[in-house]
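Those protein sequence lines, which keep their order, are chains A and B. Just so you know, numbering that gives the first Met the number 0 puts 48 at position 49 of the first sequence, and the rest follows in order with no gaps. Just so you know, numbering that gives the first Met the number 0 puts 57 at position 58 of the second sequence, and the rest follows in order with no gaps. Structure first, then comments.
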Amino acid sequence: MPLFSASDIYFFCTMGKIFDWIDSRFGVKEPHKRFMQRPVPSNVNYSYCLGGMAFTYFLMLAFTGLLLSIYYVPSEKEAFKSVVAITNEVTLGWLVRSLHKWSANLFIIFTILHTIRVFVYKAYRPPRELNWMAGVLGFVIAMASGFTGYLLPWDQKAYWATEVGTSMFGTVPLIGDYLMYAVRGGLDINGTTLIRFYSFHVLYLPVSMAVILWAHFHMVKKQGIAGGL
Amino acid sequence: MGEQKKDKKFQSDYLLEMIRKKDKKFYPDYLSEIIFAILISVEILIILALLYYPSIGRQIDFTRPFQPKPEWYFLWLYQLVKYFPGKSAFIGTVAIPVVSVLLLLLIPYIDRGRNGRLKAIAAGSILLLMFFILTLLSVLQSY
């Protein structure tokens with residue numbers, strides 16, 4: 000049996016024509032030809048894919064997060080109810096929520112594994128110091144996203160974990176009290192905290208992360224993949 | 000007959016060696032590996048998400064006592080804070096975490112000069128061990 004049927008080939012040709020039509024105006028193929036055909040070190044193995052796997056989970060987080068934001072209501076009275084509705088009423092809402100939560104966990108795990116891989120292969124050495132730092136910054140943003148996202152279900156676990164977490168800001172010498180007030184948007188956790196965390200979780204942190212990741216990939220492209228041990 | 004077989008085996012080894020030594024191209028060699036890894040990661044995600052989906056928590060109730068538990072990747076911090084009560088609290092909540100992040104950030108500069116790599120390995124292992132041991136302690140104490 001042939002690998003592709005006639006209709007498959009017709010489909011590929013059509014897709015190719017559509018791509019060519021777009022590319023003749025957009026021009027992404029030519030400048031990327033050299034990038035696609037560049038040589039990579041011959042000892043590149045599957046451990047070099049860990050970063051790409053983490054990025055896959057970042058994309059899944061963005062995608063499922065966009066879906067969740069359609070039904071989630073970031074208000075003191077509605078937040079818990081909307082999470083219940085997403086889980087019980089919205090079609091496949093439970094699955095989207097589950098995918099979002101698991102993507103977050105796997106993103107952290109694979110980022111740690113990717114960091115260990117880079118460390119073992121000494122890929123942080125010059126000229127890649129800045130890229131290592133961009134990665135560390137991205138990891139800090141990921142942790143902050145996890146922290147802010149934990150409050151959003153607005154249940155007992157979320158409330159008390161954030162109570163403990165934000166109280167740590169209060170222990171900073173000198174500015175502790177002001178810092179905690181700024182993080183909570185008040186003396187204790189309330190609706191203002193929820194909106195504040197929501198805003199950081201869906202706007203500030205993902206946008207910062209996108210910028211950091213762009214810089215991360217840009218440097219990989221410019222400096223090439225670091226060779227083996 | 001035996002020699003011929005040996006010869007063939009040698010030849011195939013040689014061929015494999017040649018293939019291995021061939022310069023890899025981003026496309027198709029590396030890209031195909033990446034795409035395979037992406038497919039695997041999506042599969043891991045879907046399997047976990049279908050098997051263990053999050054339940055709905057309890058509604059906020061101030062009259063009920065509640066033992067807060069953070070996400071697993073914050074357990075180390077949660078455990079660390081326990082060792083610095085009262086006025087020394089900022090050592091656990093601010094000083095050690097900030098120093099840890101700075102240490103991680105400056106790994107490329109720790110790895111300088113003679114024994115640079117050894118110093119970097121020391122710094123990296125301290126961070127990783129701290130993370131693992133504190134997380135483990137926190138998990139063990141909650142049972």
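The C-beta atom is built at its ideal place from N, Cα and C for all residues, glycine as well.
Query                                                                                                                                 : Result
Cα-Cα separation, tyrosine 263 of chain A to glycine 137 of chain A                                                                   : Outside the modelled stretch of chain A, which goes from 0 to 228, sits residue 263 of chain A, for which no answer is possible.
Straight-line gap, alanine 84 of chain A to methionine 59 of chain A (C-alpha atoms, nearest Å)                                       : 22 Å
Distance between aspartate 110 of chain B and lysine 118 of chain B (C-alpha atoms, nearest Å)                                        : 6 Å
For lysine 24 of chain B, the residue or residues it bridges with in DSSP                                                             : A/Pro38
Pairwise C-alpha distance: alanine 181 of chain A and phenylalanine 57 of chain A                                                     : 28 Å
Distance CB(glycine 175 of chain A)-CB(glycine 184 of chain A) smaller than 9 Å                                                       : no
One or two residues paired with glutamine 58 of chain B in a DSSP bridge                                                              : A/Asp154
Neighbour flag for serine 137 of chain B against chain A, beta carbons, 9 Å                                                           : no
Reduced DSSP category for glutamine 78 of chain B - H, G, I as helix; E, B as strand; rest coil                                       : helix
Of the listed residues B/Pro107, B/Ile106, B/Leu74 and B/Tyr26, nearest to aspartate 91 of chain B (C-alpha basis)                    : Note on residue identity: the sequence assigns glycine, not aspartate, to residue 91 of chain B. Out of B/Pro107, B/Ile106, B/Leu74 and B/Tyr26, B/Leu74 has the C-alpha closest to the C-alpha of glycine 91 of chain B.
CB contact below 9 Å: arginine 57 of chain B versus chain A                                                                           : yes
9 Å Cβ cutoff, tyrosine 142 of chain B in contact with chain A                                                                        : no
Beta-carbon proximity list for threonine 110 of chain A, same chain, < 7 Å, skipping 5 on both sides                                  : Ala53, Phe138 and Ala141
Against chain B: residues of the region 73-100 of chain A by CB proximity under 7 Å                                                   : Phe79, Val82, Val83, Thr86, Trp93, Leu94, Arg96, Ser97, Leu98 and Lys100
Selected residue, minimal CA-CA separation from leucine 103 of chain B, among A/Gly134, A/Met208 and A/Pro38                          : A/Gly134
Residue-chain proximity (leucine 128 of chain B, chain A), Cβ-Cβ < 9 Å                                                                : no
Cβ separation of phenylalanine 196 of chain A and threonine 147 of chain A, assumed to be a contact under 8 Å, to the nearest whole Å : 4 Å
C-beta neighbour in chain A for glycine 123 of chain B, strict 9 Å                                                                    : yes
Whether serine 68 of chain A touches leucine 193 of chain A by CB criterion (9 Å)                                                     : no
Backbone CA spacing between proline 53 of chain B and lysine 100 of chain A [nearest angstrom]                                        : 8 Å
Pairwise C-alpha distance: threonine 86 of chain A and leucine 51 of chain B                                                          : Note that residue 51 of chain B is tyrosine in the sequence shown here, rather than leucine. Straight-line Cα distance between these residues: approximately 13 Å.
Alpha carbon of glutamine 58 of chain B to alpha carbon of alanine 160 of chain A, nearest angstrom                                   : 14 Å
Beta-carbon proximity list for leucine 136 of chain B, same chain, < 6 Å, skipping 5 on both sides                                    : Gln78
Under 8 Å (Cβ pairs) to chain A, residues found in the region 94-116 of chain B                                                       : Val100, Leu103, Leu104, Ile106, Pro107, Tyr108, Asp110 and Arg116
Close beta carbons around cysteine 12 of chain A, own chain, < 6 Å, minus the five adjacent residues each side                        : none
Threonine 90 of chain A burial status per 10 Å Cβ neighbour count (16 or more: buried)                                                : exposed
Distance between beta carbons of valine 97 of chain B and alanine 88 of chain B, contact taken as under 8 Å                           : About 14 Å separates the two Cβ atoms, so there is no contact after all.
Any non-hydrogen atom of the ligand MG closer than 8 Å to phenylalanine 54 of chain A Cβ                                              : With respect to small molecules bound, the structure shown includes none, and the ligand MG cannot be examined in it.
Residues of the region 11-33 of chain A with Cβ closer than 7 Å to any Cβ of chain E, in chain order                                  : Judged by its chain identifiers, the structure shown contains no chain E, and its protein chains are A and B.
Three-state secondary structure (DSSP) of lysine 100 of chain A                                                                       : helix
Test: lysine 121 of chain A CB closer than 9 Å to a CB of chain B                                                                     : yes
Residues of the region 142-161 of chain A whose Cβ lies closer than 8 Å to any Cβ of chain B, in chain order                          : Met142, Gly145, Phe146, Tyr149, Pro152, Trp153, Asp154, Gln155, Lys156, Ala157, Tyr158, Trp159 and Ala160
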